[in-house]
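Counted the way the numbering used here counts, the sequence shown spans residues 3 to 351.
We put the beta carbon where it would ideally sit given N, CA and C, even for glycine.
As the structure is a prediction and not an experimental result, all values here were calculated from the model.
Take a look at the structure below.
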Amino acid sequence: MTITAEPHLTDTRMRPMALPEPRGPVSAALIELLTGPEHAPVGDLAVATTEGLAASDDLLADDDVQLALFLMYELHYGGLEGVPDSWEWDPRLLAVRGPIEREFEDALRRSVRQPVAVRDVPEALFALAGDDDSPSLSAFVERDATAEQVREILACRSIYTLKEADPHSWAIPRLHGRAKSALVEIQADEYGGGRPDRLHATIFARAMRGAGLDDRYGAYADHVPVAVYASMNLMSLFGLHRRLRGAIVGHLAAYEMTSSLPCRAYANGLRRLGFGADVADYFDEHVEADAVHEQLAARELAGALAEEEPHLARDILFGASACLTVDGRLWGGLRERFERGESALRRPL
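Right under this line is the structure:
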């Protein structure tokens with residue numbers, strides 16, 4: 003296991019993410035473009051993207067395309083090391099990203115069950131969360147996981163959790179009234195309630211250090227399976243497009259509604275394995291917070307948005323179902339690999 007000797011930063015987002023290795027021709031062409039001359043032509047990337055989309059059997063499990071989309075989205079977050087910020091809104095790059103997003107959204111809508119609000123959106127959300135039967139990774143951690151498996155899980159979680167809450171914050175300026183107020187209340191907790199040391203991303207960085215892992219954002223970008231990128235891209239797709247504001251609200255509602263009890267199980271498993279309080283703190287923090295957020299997200303956020311903009315009800319439920327489906331594939335897939343005696347990662351820690 004490699005542990006960085008560099009001094010750690012309180013804010014894990016202060017440094018841009020180092021570029022990972024490509025996973026195929028699309029991500030290779032993208033990385034070559036982003037690290038080359040600033041105004042280089044995008045033709046090679048456009049061709050690689052067209053061919054990559056045509057050849058993909060399952061876009062949700064396509065390492066190459068998902069990594070490329072993740073890197074394009076990362077330009078809107080903390081940026082990429084050695085890549086000029088001007089690429090963020092370069093219309094040529096956005097023109098290449100557009101077809102990937104359309105294919106990704108189409109694949110999601112084909113593979114995700116679309117629930118129907120029989121009575122109202124909050125009740126439909128509670129029913130959806132209650133019906134989720136994805137294999138429970140948290141229960142596996144609580145009873146059976148090894149310390150090394152827990153470290154692999156933390157490495158997989160780091161791609162999102164070291165910038166926790168950021169994708170959902172795109173929705174704040176797109177909401178109004180009760181829904182906006184509820185979202186800001188939830189996000190304020192995620193960002194530490196005014197205390198930088200209690201930012202959830204910062205607490206998770208401490209957990210990684212306590213587990214003997216590298217807390218730099220993107221340190222395990224070459225290690226994690228494609229399902230990690232599909233999960234992250236799902237949030238960015240919903241968050242960055244105003245027309246999908248209902249979906250990002252539904253995603254957050256499902257995320258908060260299915261977090262509290264699993265976090266308790268994770269914390270129990272960490273203590274069973276002898277990890278310290280600095281590692282369990284992140285999960286302990288979410289046991290109580292997400293129990294409160296569950297009601298707030300379902301009723302005051304999603305419910306209020308559906309009342310204010312009834313035409314978004316279907317997308318709210320789609321976003322929630324997509325969250326449960328994509329994250330179920332991710333975390334359930336990790337559990338299945340562990341139960342087969344396999345690593346969850348593409349390369350060892």
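- A buried status is given to H225, since no fewer than 16 other beta-carbon atoms sit within 10 Å of its beta-carbon.
- Close CB contacts of P169 within its chain, under the 6 angstroms cut and outside five residues either way in sequence, are with M237, S238, G241 (chain order).
- Short of 6 angstroms from the beta carbon of L71, and not among the five residues preceding or following it, lie these beta carbons of its own chain, in chain order: I102, N235.
- A contact is defined here as three or more CB-CB pairs under 8 angstroms, and the segment 101–115 fails this definition with respect to the segment 260–280.
- Assigned with DSSP and collapsed to three states, L201 falls in coil, not helix or strand.
- Sixteen is the threshold: since fewer than 16 other Cβ atoms of the shown chains lie within 10 Å of the Cβ of I174, the residue is exposed.
- With three or more CB-CB distances shorter than 8 angstroms, the segment 336–348 counts as touching the segment 143–156.
- Rounded to whole angstroms, the Cβ separation of D317 and A249 is 5 angstroms, and the two are in contact under 8 angstroms.
- Counting along the chain, no alpha helix (DSSP H) covers A63, and no H or E run does either.
- Under DSSP, L82 shares a beta bridge with M19.
- Unbroken alpha helix (DSSP H) stretches of 4 residues or longer found wholly inside the segment 213–260: 228–242, 247–259, given in chain order.
- The three-state reading of DSSP puts Y75 in helix, counting H, G and I together.
- In the DSSP assignment, P350 falls outside any alpha helix (DSSP H) and carries neither an H nor an E.
- Here T52 is exposed: its Cβ has fewer than 16 other Cβ atoms, across all protein chains shown, within 10 Å.
- A straight line joining the alpha-carbon of D108 with that of G278 spans about 44 angstroms.
- By the Cβ criterion, the segment 39–55 is in contact with the segment 89–100, since at least three pairs of Cβ atoms, one from each stretch, lie closer than 8 angstroms.
- Using a Cβ distance threshold of 9 angstroms, G54 and V85 do not count as a contacting pair.
- Excluding residues up to 5 positions away in sequence, S262 lie with their Cβ nearer than 8 angstroms to the Cβ of E290 in the same chain.
- Counting only the Cα atoms, F128 lies some 15 angstroms from T327.
- Remark: C-beta atoms of R17 and R218 approach each other more closely than 9 angstroms.
- The alpha-carbon of L351 is positioned some 13 angstroms away from that of P227.
- If you draw a straight line from the Cα of L130 to the Cα of Y193, it comes to about 27 angstroms.
- The continuous alpha helix (DSSP H) containing W333 extends over residues 315–341.
- Ranked by how close their Cα comes to the Cα of R247, the residues K165, A181, A31, D292 have A181 in first place.
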